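Protein chains: 2
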Amino acid sequence: MVITSLDNKEVKYLVKLNTKKFRDSEHKFLIDGEHLVEEAYKKGILDKIIVVDDNYSFNCDKLIVTKEIMKKISLLDTPPNIMGVCKMMDEKLVGNKYLILDRIQDPGNLGTIIRSAVAFNVDTIIMSNDTVDLYNSKVLRATQGMIFSINYYKGDLVKIINDLKDKNIPIYTTNVNNGKNIKEIDDTSCYALIMGNEGSGVRDEIANLADTNIYIPMSNSCESLNVAVATSILLYEMSDK
Amino acid sequence: MVITSLDNKEVKYLVKLNTKKFRDSEHKFLIDGEHLVEEAYKKGILDKIIVVDDNYSFNCDKLIVTKEIMKKISLLDTPPNIMGVCKMMDEKLVGNKYLILDRIQDPGNLGTIIRSAVAFNVDTIIMSNDTVDLYNSKVLRATQGMIFSINYYKGDLVKIINDLKDKNIPIYTTNVNNGKNIKEIDDTSCYALIMGNEGSGVRDEIANLADTNIYIPMSNSCESLNVAVATSILLYEMSDK
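Taken in order, these protein sequences are the chains called A and B. For the first sequence, my numbering assigns the number 1 to the initial residue and increments by one for each residue that follows. For the second sequence, my numbering assigns the number 1 to the initial residue and increments by one for each residue that follows.
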């Protein structure tokens, strides 16, 4: 049966999943397009698919809708032929390599950072409670499917960083004026790197917990790099040694 | 005199500068906010300022408008207190370090790439004719004022690359399957790096002109990086030797 009415109860439920509050209360989120749906399916968190044409064979619940309904559910300008409803991933704080994000606000930046963190072998991404929502549609798209390939943890950064320090994880953050060239860091088998907000950087109370300040050598003509670029270059350098 | 009417001839002219076609025919473009205006002024390309309050002292023509008019001229959600009208920069193909962009489409990516190119000492950015417009408002913002600190050249990439080859500039592009690790490139005093479109990469006819294919070492879990991130990591590695 193809659902054609915007008043349908299930359609209304799906549209509401576009708000963070409802996602959090339901512990579910939406994804757009075949690539993300396939990745979620492999990960075992795909609950249901929403399709315009019934030509997909995922072993899960299915909802067939009109293009108009799909347009209402998806936030994309051009709605996809398939969407998915996923269970939120469990939070885990594991491994030897941590990326800590203090109030990243731009969804494109967070998604790009996640993609790079997977590329450069980060184990867990730790986010302050006021970082942009991981399950925001723009974040999910910018990860290019990498969202499911890494662990996440959200919480009070001061407490989490102190716990990592107790486990002897060296804590790094960036400081252009008073830091060590990233190329001079030798042992990066185990680290936690703190990166901060696009405009204001890492809060002082968080930055003060770092053991070592580092910087990326660059031209004097340029004050700073985009935060996703800076994070990626640092993770690239730290993945390698 | 404060201009209050949207029908004012000059206001209509400024609004039209938000289209690429009109910018190209007038050889002028708009910038938002004090930081960009200051940078354009230093560079000597600031023609006129548009302000809500008359408390700026740039030595150039000035137009005082209401907040409503500013909102009409600027593409920002929150219109700035000051905008500028600038003369387009002259195109120049100079130096030893070139970044060649084949059909980059996302304005945020182009702006971020420009910012990184300044940071890592690129002399000239060369763009295919179908690359997103340099003077697009989102590009300008993403450069964070770095737009004025580098040279630009736009044209037919095949012809330009062949000219660079005649000058013995080594040409690089990326190839994950058949390339050399970027860390193994020794002499980067002189280079041209070709980067391509977000979805489809560099066109074959352009990529075939490269002398050396390079890649960024990364985890097998990740197929590729965001193009602004990949470009920045390569420029970072090549700036250093």
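All C-beta atoms in this analysis are idealised placements derived from N, C-alpha and C, irrespective of residue type, glycine included. Model, not experiment: these values are computed from the prediction.
* Asked: If you draw a straight line from the C-alpha of L110(B) to the C-alpha of E198(B), how long is it?
  -> Position 110 of the second sequence, counted from the start, is the residue given in the question as residue 110(B). Position 198 of the second sequence, counted from the start, is the residue given in the question as residue 198(B). So the two alpha carbons sit approximately 11 Å from each other.
* **Neighbourhood of E34(B) by C-beta, 7 Å cutoff - its chain only, sequence neighbours within 5 removed** => By 1-based counting over the second sequence, the position of residue 34(B) is 34. Result list for E34(B): I82, in chain order.
* **Selection of the segment 196-228 of chain A by Cβ proximity to chain B, strictly under 9 Å** => I216, P217, M218, S219, S221, C222, E223, S224, L225, N226 and A228
* **Backbone secondary structure at A192(B) - three-state DSSP** => Here the question's residue 192(B) lines up with position 192 in the second sequence. DSSP places A192(B) in strand when its eight states are reduced to three.
* Residue ranges of each beta strand (DSSP E) run of no fewer than 3 residues wholly in the segment 131-177 of chain B, ordered along the chain? -> 151-155 and 171-174
* To do: Measure from the alpha carbon of D133(A) to the alpha carbon of each residue in D24(A), N8(A) and E10(A), then state which is nearest.
  => For the purposes of this step, residue 133(A) is identified with residue 133 of the first sequence, where counting begins at 1. Comparing Cα positions, the closest option is D24(A).
* Which residue spans inside the segment 23-65 of chain B form an unbroken beta strand (DSSP E) run of at least 3? -> 28-32, 46-51 and 61-65
* To do: Mind checking who V85(B) pairs with in its DSSP beta bridge?
  => Here residue 85(B) refers to the residue found at position 85 when the second sequence is read from its first residue. For V85(B), which the question treats as bridged, DSSP gives the partners L30(B) and K48(B).
* **Start and end residues, beta strand (DSSP E) containing G102(B)** => Indexing the second sequence from 1 puts residue 102(B) at position 102. First, the residue type needs correcting, since residue 102(B) is Asp and not Gly in the sequence shown. Segment K97 to D102, the beta strand (DSSP E) holding D102(B).
* Asked: Between the C-alpha atoms of E38(A) and I73(A), what's the straight-line distance to the nearest angstrom?
  -> Counted from its first residue, the first sequence places residue 38(A) at position 38. Counted from its first residue, the first sequence places residue 73(A) at position 73. Approximately 19 Å between the Cα atoms of the pair.
* Starting from M70(B) and walking both ways along the alpha helix (DSSP H), at which residues does that stretch end? -> In the second sequence, residue 70(B) corresponds to position 70, counting from 1. M70(B) -> alpha helix (DSSP H) spans K67 to I73.
* In DSSP terms, what M127(B) is bridged to -> One-based indexing of the second sequence puts residue 127(B) at position 127. DSSP, once it has assigned bridges, lists L101(B) and K154(B) as partnering M127(B).
* To do: My understanding is that K97(A) touches N121(A), with C-beta atoms under 8 Å, so please give their C-beta distance in whole angstroms.
  => Taking the first sequence and counting its residues from 1, the one referred to as residue 97(A) is at position 97. Taking the first sequence and counting its residues from 1, the one referred to as residue 121(A) is at position 121. Between N121(A) and K97(A) the Cβ distance is about 6 Å, and since that is below 8 Å, they are a contact.
* Asked: Would a C-beta distance cut-off of 9 Å place N18(B) and I69(B) closer than the cut-off?
  -> One-based indexing of the second sequence puts residue 18(B) at position 18. One-based indexing of the second sequence puts residue 69(B) at position 69. Taking 9 Å as the Cβ cut-off, N18(B) and I69(B) do not qualify as a contacting pair.
* With a threshold of 16 other CB atoms inside 10 Å of the CB of P79(B), please say whether the residue is buried or exposed. => For the purposes of this step, residue 79(B) is identified with residue 79 of the second sequence, where counting begins at 1. With 16 or more other Cβ atoms within 10 Å, it is buried.
* Exposure label - L75(B); buried when at least 16 CB within 10 Å -> The residue you call residue 75(B) lines up with position 75 of the second sequence. By the neighbour-count rule (16 or more Cβ atoms within 10 Å), L75(B) is not buried but exposed.
* Report the rounded CA-to-CA distance for V105(A) versus T4(B), giving the unit in angstroms. => Here residue 105(A) refers to the residue found at position 105 of the first sequence. Here residue 4(B) refers to the residue found at position 4 of the second sequence. What sits at residue 105(A) in the sequence shown is Gln, not Val. The alpha-carbon atoms of Q105(A) and T4(B) are separated by roughly 35 Å.
* Asked: Quick one: Cα of K180(A) to Cα of N129(A), how far?
  -> Looking up residue 180(A) in the first sequence gives position 180. Looking up residue 129(A) in the first sequence gives position 129. Going from the Cα of K180(A) to the Cα of N129(A) covers about 29 Å.
* **Same chain, Cβ closer than 6 Å to D61(A), five either side skipped, listed in chain order** => Here residue 61(A) refers to the residue found at position 61 when the first sequence is read from its first residue. Closer than 6 Å at Cβ, skipping near neighbours: K48.
* Asked: Mind checking S232(A): buried by the 16 CB within 10 Å criterion, or exposed?
  -> Within the first sequence, numbered from 1, the residue matching residue 232(A) stands at position 232. When all chains shown are included, S232(A) counts as buried.
* To do: For my contact list, N213(A) and T188(A) are in at a C-beta cut-off of 8 Å; report their separation, rounded to the angstrom.
  => Here residue 213(A) refers to the residue found at position 213 when the first sequence is read from its first residue. Here residue 188(A) refers to the residue found at position 188 when the first sequence is read from its first residue. Not confirmed; about 15 Å, so no contact.
* 8 Å contact criterion, which K28(B) and V85(B) should meet: CB distance rounded -> For the purposes of this step, residue 28(B) is taken as the residue at position 28 of the second sequence. For the purposes of this step, residue 85(B) is taken as the residue at position 85 of the second sequence. 6 Å between Cβ atoms; contact.
* Could you spell out where the alpha helix (DSSP H) holding I109(B) opens and where it closes? => Locating residue 109(B) in the second sequence gives position 109, counting from the first residue. The sequence shown places Asn at residue 109(B), not Ile. Segment P107 to A119, the alpha helix (DSSP H) holding N109(B).
* Straight-line gap, V52(A) to V2(A) (C-alpha atoms, nearest Å) -> What you label residue 52(A) is simply residue 52 of the first sequence in a count that begins at 1. What you label residue 2(A) is simply residue 2 of the first sequence in a count that begins at 1. Each residue's Cα considered, the two are about 8 Å apart.
* Asked: Does F58(B) come within less than 9 Å of chain A when only Cβ atoms are used?
  -> By one-based count along the second sequence, residue 58(B) stands at place 58. Cβ-Cβ to chain A under 9 Å: no for F58(B).
* Could you list which residues in chain A have their beta carbon closer than 9 Å to that of V118(B), in chain order? => Your numbering for residue 118(B) matches position 118 in the second sequence. Under the 9 Å cutoff, chain A gives M218, S219, S221 and C222.
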